[in-house]
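Trainee: Have a look at this one.
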Amino acid sequence: MQTGVIFGGCGFVGLYFAEELIKLKTCEFIYLIDTKEPEDNFLITKFILLKQSEKVKFIKSDVRQSLNNLNIKNVDLIVDFAAVHREPGHKDYEYFETNVEGSKNICNFAESTFCKNIIFTSSIAVYGAGDYEKNETSKTLPTSAYGKSKLECEKNYTTWYNKNKDKKIVTICRPGVVFGPGEKGNVTRLIKIIKKRLFFYMGNKDLRKAGIYIKELVNILIWVNQNQLSKNFESKTLFNASLAPCPKLINFAQEISKKLNLSGNFLSFPKSLLIFFIFITAFITKNLKSSSNFSHVRLKKLFRSNSIKPNFLLDMKYSFKYDLSTSMEDWKKTNPSDWI
Numbered sequence: 003m004q005t006g007v008i009f010g011g012c013g014f015v016g017l018y019f020a021e022e023l024i025k026l027k028t029c030e031f032i033y034l035i036d037t038k039e040p041e042d043n044f045l046i047t048k049f050i051l052l053k054q055s056e057k058v059k060f061i062k063s064d065v066r067q068s069l070n071n072l073n074i075k076n077v078d079l080i081v082d083f084a085a086v087h088r089e090p091g092h093k094d095y096e097y098f099e100t101n102v103e104g105s106k107n108i109c110n111f112a113e114s115t116f117c118k119n120i121i122f123t124s125s126i127a128v129y130g131a132g133d134y135e136k137n138e139t140s141k142t143l144p145t146s147a148y149g150k151s152k153l154e155c156e157k158n159y160t161t162w163y164n165k166n167k168d169k170k171i172v173t174i175c176r177p178g179v180v181f182g183p184g185e186k187g188n189v190t191r192l193i194k195i196i197k198k199r200l201f202f203y204m205g206n207k208d209l210r211k212a213g214i215y216i217k218e219l220v221n222i223l224i225w226v227n228q229n230q231l232s233k234n235f236e237s238k239t240l241f242n243a244s245l246a247p248c249p250k251l252i253n254f255a256q257e258i259s260k261k262l263n264l265s266g267n268f269l270s271f272p273k274s275l276l277i278f279f280i281f282i283t284a285f286i287t288k289n290l291k292s293s294s295n296f297s298h299v300r301l302k303k304l305f306r307s308n309s310i311k312p313n314f315l316l317d318m319k320y321s322f323k324y325d326l327s328t329s330m331e332d333w334k335k336t337n338p339s340d341w342i
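Each residue of the sequence shown is one higher than the one before, starting from 3 at the first, in the numbering used here.
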């Protein structure tokens, strides 16, 4: 029996991934390890259906602590989706406490369960800022605590792999913004403000925003890992996961507008105006809750370019199943409530 363990298994990506592993019969039994069950209604439905299959078991546990008490043996696949990732949303130390220490505990768990195959989702945040195209050979210069923590995680998994590289597999993926049904993140916010006709550009419509549809990301992770198992790819493979070519903010806005049957024409104000607004209101916006659309950090992200090219996937002739348009179309069809 092929046994899989997904840390962060009740999160947005974790549930989709578990669903696909069961569908493809890649794993016959899966443990979902997380600090709590899902709370979003759409994800709750997925969770319930997975448990009803009797091929999935939920275990409440925290990767920040030792995982020796999980009482799981002989694991074939470990997947690490467990992460503190909202930015803004956490103090700097929290990213390292969960992401870095969690990766160390997962590596120890892999040794104790004789697992030789790990999939880890890092982030394009490891490349840092800079308005230029980045690929897998670009320097890693993370500027945020989140990006720095993810790069440390990559090093931890590489160390685990190097201890017995002839017999181990590690898949390290650096995805752009992951969007889709149940996401409740930046792209969901964009849908809502366009629906309310509150969206406008601030000199940033041509800003590159690397992203990947959730179903595409799951397909990619499994495709790469399976090719590693078949020895078609290197046993340690690191790659970017993003739409190609990298979309612009205007592309997101126009595709969302089409699906909402709205005009894709939006007002555009000078970038200097918003920068001035951020400056004069900093003493207020710095103290707003991280969930606020007017949080100081979130406002500054409006001008952060994420231009990413997935060279590895392109070179290996991966066949993308979704572009930006079909991603939005599938999203609206799969979970219409996100578009209301």
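All residues carry an ideal CB built from backbone N, CA and C; glycine is no exception.
Given the structure is predicted, the values throughout are model-derived calculations rather than measurements.
(1) With Phe9 and Asp82 assumed to form a contact (beta carbons below 8 angstroms), what rounded beta-carbon distance in angstroms separates them?
(2) Going by the CB atoms, is the gap between Lys118 and Ala127 shorter than 9 angstroms?
(3) From the DSSP output, in three-state form, read off Pro338 for me.
(4) With 16 other CB atoms within 10 Å as the buried threshold, where does Arg199 fall?
(5) Are the beta-carbon atoms of Glu218 and Met330 separated by less than 9 angstroms?
(6) What residues are listed by DSSP as bridge partners for Leu240?
(7) Could you check whether the segment 203–219 touches the segment 239–250, counting it as contact only if at least three pairs of C-beta atoms, one from each stretch, sit closer than 8 angstroms?
(8) In chain order, what residues of the same chain lie with their CB nearer than 7 angstroms to the CB of Ser114, ignoring the 5 residues before and after it?
(9) CA-CA distance, Cys12 and Gly266?
(10) Tell whether a beta-carbon distance below 9 angstroms holds between Leu345 and Glu138.
(11) Nearest-angstrom Cα distance between Lys157 and Thr145?
(12) Just to confirm the assignment, what range does the beta strand (DSSP E) spanning Asn119 have?
(13) Quick check: the segment 313–322 against the segment 175–192, are there 3 or more CB pairs under 8 angstroms?
(14) In the DSSP assignment, what are the bridge partners of Lys261?
(15) With a CB to CB cut of under 7 angstroms and the five nearest residues on each side skipped, what residues in its chain are close to Asn308?
(16) So the candidates are Val172, Asp133, Gln67; which of them puts its Cα closest to the Cα of Asp208?
Mentor: The structure says:
(1) Correct: roughly 5 angstroms between the Cβ atoms.
(2) no
(3) Here DSSP, grouped into helix, strand and coil, assigns Pro338 to helix.
(4) exposed
(5) Inclusion of Glu218 and Met330 in the CB contact set at 9 angstroms is not warranted, their separation being larger than that value.
(6) Bridge partners of Leu240: Ile174.
(7) Result yes; three or more Cβ-Cβ pairs closer than 8 angstroms.
(8) Excluding sequence neighbours, Ser114 sits near Asn70.
(9) Rounded to the nearest angstrom, the two C-alpha atoms are 35 angstroms apart.
(10) As shown, the chain starts at 3 and ends at 342. That puts residue 345 outside it, with no answer to give.
(11) 17 angstroms
(12) 119–123
(13) no
(14) According to DSSP, Lys261 shares a beta bridge with no other residue.
(15) These residues qualify, in order along the chain: Ile126, Gly178, Arg210, Lys211, Ala212.
(16) Asp133
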